[in-house]
Structures are given as structure tokens and as C-alpha cells.
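Visitor: Be aware that the sequence shown starts at 1, since it is given in UniProt numbering, and climbs by one per residue.
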Amino acid sequence: MAARPRLLIGQVVHRRLRPVAHSFTYPVFFVQLPVADLAAGNGPFFSVDRNNLLSFHQKDHGPRDGSPLLPWIQSLLRGHGLPDDGEVILQCFPRVFGFVFNPVSFWFCRNRDGQLIAVLAEVSNTFGGRHTYLLHNPDGAPLREGQTITADKAFHVSPFCEVEGGYRFRFFVERKCPVVRIDYDDAEGELLLTSVSGKSTAWSTRALLGAFLRMPLLTAGIVFRIHWQAFKLWIKGVPFVGAHPSHEQQPLQESPK
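#1: What first and last residue would you give for the beta strand (DSSP E) that runs through residue 269?
#2: Give the secondary structure of residue 105 by DSSP, where H, G and I count as helix, E and B as strand, and everything else as coil.
#3: Between which two residues does the beta strand (DSSP E) carrying residue 130 extend?
#4: I believe residue 179 touches residue 197 by the beta-carbon criterion, under 8 Å. Please report the beta-carbon distance rounded to the nearest angstrom.
#5: My parser needs the alpha helix (DSSP H) runs of 4 or more residues fully inside the region 145-214; what are they?
#6: Hey, would you say residue 20 sits closer than 7 Å to residue 236, going by beta carbons?
#7: Using the DSSP secondary-structure output, state which residues sit across from residue 6 in a beta bridge.
#8: What three-state label does DSSP hand residue 23 in the structure shown?
#9: Just to confirm my understanding: we take residue 12, look at its own chain, exclude 5 residues before and 5 after, and list those with CB closer than 6 Å. What are they?
#10: Rounded to whole angstroms, what's the CA-CA distance from residue 214 to residue 37? Just pull it up for me.
#11: How many angstroms separate the CA atom of residue 200 from the CA atom of residue 139?
#12: Which whole-angstrom value is the C-beta distance of residue 80 and residue 134, which I expect to be below 8 Å?
#13: With contact counted as at least three CB pairs below 8 Å, one residue from each stretch, are the region 61-81 and the region 104-119 in contact?
#14: Whose CA, out of 204, 157 and 132, lies closest to the CA of residue 242?
#15: Using the Cα positions of residue 250 and residue 99, report the straight-line distance between them to the nearest angstrom.
#16: What is the residue span of the alpha helix (DSSP H) that residue 75 lies within?
#17: Expressed to the nearest angstrom, what Euclidean distance is found between the alpha-carbon atoms of residue 152 and residue 44?
#18: Between the Cα of residue 185 and the Cα atoms of 137, 18 and 3, which residue gives the shortest distance?
#19: Is the Cβ-Cβ distance between residue 73 and residue 88 less than 7 Å?
#20: Residues bridged to residue 14 by DSSP?
#21: What three-state label does DSSP hand residue 42 in the structure shown?
#22: Do you know offhand how far residue 91's Cα is from residue 32's?
#23: Buried or exposed: residue 47, going by 16 or more other Cβ atoms within 10 Å of its Cβ?
#24: Three-state secondary structure (DSSP) at residue 58?
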């Protein structure tokens, strides 16, 4: 049976360990869309490639030129020796009143047997830069539930962190309440601990409208909160290492061989 859109209602938890402790938790909701059938999400309050209360636009992801996303992700998988014959689910924030900012979107790529074989983490910063990390096993074997996958940090995200060290990704997706863990280590060791979690909910007009009414400023709030937390770090005396604006798509990076 073909995948159907889902709604993920949950939270983002972030914790900084050094040089001072700092943490926050925010409620969020994501859409989980089958890339092969994006139109399945269309409804009274949600549209694909059209403006609505909530919407999804293909130009916000992948090549960002508005072209169909399925051929793009299939070509990317084939180019890295991975099967392209399974379902791909894209988890991201929707546009709200036409506006969106996705700090990270996840493309969950499965083989024809339904096994998770890769995750594409699509990262954006507030300076307009983008970078993608293709996370998979070197031999193309399915990813185990909770398996740790590492990737060198190659992209500027926060003005309070250098571009050094690496990430540890863990995906717990074979459950009703999926969790993604992203931990960051710099030259001194563990620095940031982040999790994205939520309850997977059936797609319906009522569920979408309910999520919107609970969080009507979802995407604008994300941008505000990023800057608010940065201000709090500055007040706490965390060293400011500077911004590195970039409006270019950075080269795709694979998980280490």
C-alpha cells in the first residue's frame, strides 16, 4: 500500500553543555509527505505548490527550482549506489501563510522491502545557506533502528559554534512516536544535544486545522526563537565566533565510509 501523508505533532529539545549550560524545549508540528504522491496532501487548508493556510512547495527543497522532487532524490540515490525503488517520505515544516524556514528537513528513503536505507538531512541557516548530508551505510545495508551515523560538520549553522567537529545522528522511526537525535561534538568533545520527536497522527483536515490553531505562528516563531536563543547565549557570555553568510547550495556530503 502506498504511503499516505502524516502529521507529526511533537517538540524540539536542545541542550548546550559548554561553556555554560543552556537548554530549551519548543512545541512544533511537521508534515510527513510521500514524495511520490505529494498531491495526496491537498485539502481545504493544505495545498501543494499553491498558497493556502498551510502549504508545501517543491521549490523549498532539493534543487529548489520547483522541479519534481521524486526524480531528483531517485537520481541522487542511484548516484551513490543506493536503491531508488522504495518510498521516500519528506519530513519538514509546512509553509504557514506562505512563509517557512526549515532548520533541518529529513528525507527518509526506503528500499522496495520497506527498509530504511538512507536519510538525507537537508540543513538551512538563517543566512540563506544550505547543505545536505546523505546518511547511509557504506555497503548500502539497511540502517538499524537507533544506529549511530556520523558526519563531519561542513556548514555554518550557529554564530556560537565553529565549523569543526562532527554530528552523531540516530533515527528511531519504526514507532508511533518517532525520534531523531542529533548530537554535536567539537574539538573538546560533546557540546550540543538535540532531539526532534513527536506523535505520528493520521492526516486529516481536522488534525491539520487543530495543529495550526495550537501553533498559528509555527514558522515565524521558529525564526524568532532562533534569534531569541542566540541573544540569551550572548547575554550568558558564550563566545561569538561570527557569522558566515552563504546563499549557495553547498556540495552534498556523505556519511563517512
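Just so you know, even glycine gets a beta-carbon here, dropped at the ideal spot from N, CA and C.
Guide: By the coordinates alone:
#1: An answer regarding residue 269 cannot be provided, because it is not within the stretch 1 to 257 covered by the chain.
#2: Walking along the sequence shown from the start, residue 105 turns up at place 105. In the displayed model, residue 105 falls within a strand according to three-state DSSP.
#3: The residue given as residue 130 occupies position 130 in the sequence shown. 130-135 is the extent of the beta strand (DSSP E) around residue 130.
#4: Numbered from 1 along the sequence shown, position 179 holds the residue referred to as residue 179. Numbered from 1 along the sequence shown, position 197 holds the residue referred to as residue 197. Contact holds; Cβ gap of about 4 Å.
#5: Whole alpha helix (DSSP H) segments, 4+ residues: 205-214.
#6: One-based indexing of the sequence shown puts residue 20 at position 20. One-based indexing of the sequence shown puts residue 236 at position 236. With contacts defined as CB atoms closer than 7 Å, residue 20 and residue 236 qualify as a contacting pair.
#7: Translated into positions along the sequence shown, residue 6 becomes position 6. 32 and 202.
#8: Here residue 23 is taken as the residue at index 23 of the sequence shown, counted from 1. Secondary structure of residue 23 (DSSP, three-state): strand.
#9: Indexing the sequence shown from 1 puts residue 12 at position 12. These residues qualify, in order along the chain: 26, 28 and 196.
#10: Within the sequence shown, numbered from 1, the residue matching residue 214 stands at position 214. Within the sequence shown, numbered from 1, the residue matching residue 37 stands at position 37. The alpha-carbon of residue 214 is positioned some 27 Å away from that of residue 37.
#11: Here the question's residue 200 lines up with position 200 in the sequence shown. Here the question's residue 139 lines up with position 139 in the sequence shown. Roughly 30 Å separates the two Cα atoms.
#12: In the sequence shown, the residue the question calls residue 80 occupies position 80. In the sequence shown, the residue the question calls residue 134 occupies position 134. Between residue 134 and residue 80 the Cβ distance is about 6 Å, and since that is below 8 Å, they are a contact.
#13: Touching, yes.
#14: Here residue 242 is taken as the residue at index 242 of the sequence shown, counted from 1. Checking every option, the nearest Cα to that of residue 242 belongs to 157.
#15: Along the sequence shown, read from residue 1 onward, the residue named residue 250 stands at position 250. Along the sequence shown, read from residue 1 onward, the residue named residue 99 stands at position 99. Residue placement at residue 250 cannot be trusted, given a pLDDT of 49 that sits under 50; what the coordinates show is reported in the next sentence. Roughly 23 Å separates the two Cα atoms.
#16: Walking along the sequence shown from the start, residue 75 turns up at place 75. DSSP places residue 75 in the uninterrupted alpha helix (DSSP H) bounded by 69-79.
#17: Locating residue 152 in the sequence shown gives position 152, where the first residue counts as 1. Locating residue 44 in the sequence shown gives position 44, where the first residue counts as 1. Distance from the CA of residue 152 to the CA of residue 44, rounded to the nearest whole angstrom, comes to 42 Å.
#18: Counting from one through the sequence shown, the residue named residue 185 turns up at place 185. Residue 18 holds the alpha-carbon nearest to the alpha-carbon of residue 185 among 137, 18 and 3.
#19: What you label residue 73 is simply residue 73 of the sequence shown in a count that begins at 1. What you label residue 88 is simply residue 88 of the sequence shown in a count that begins at 1. Yes, they are a contact pair.
#20: For the purposes of this step, residue 14 is taken as residue 14 along the sequence shown, with counting starting at 1. Its beta-bridge partners are 24 and 194.
#21: Position 42 of the sequence shown, counting from 1, holds the residue named residue 42. Looking at residue 42 - three-state DSSP - the assignment turns out to be coil, as it is neither helix nor strand.
#22: Stepping through the sequence shown from its first residue, residue 91 is reached at position 91. Stepping through the sequence shown from its first residue, residue 32 is reached at position 32. The alpha-carbon atoms of residue 91 and residue 32 are separated by roughly 4 Å.
#23: One-based indexing of the sequence shown puts residue 47 at position 47. It is buried - the Cβ of residue 47 has at least 16 other Cβ atoms within 10 Å.
#24: Position 58 of the sequence shown holds residue 58. The three-state reading of DSSP puts residue 58 in helix, counting H, G and I together.
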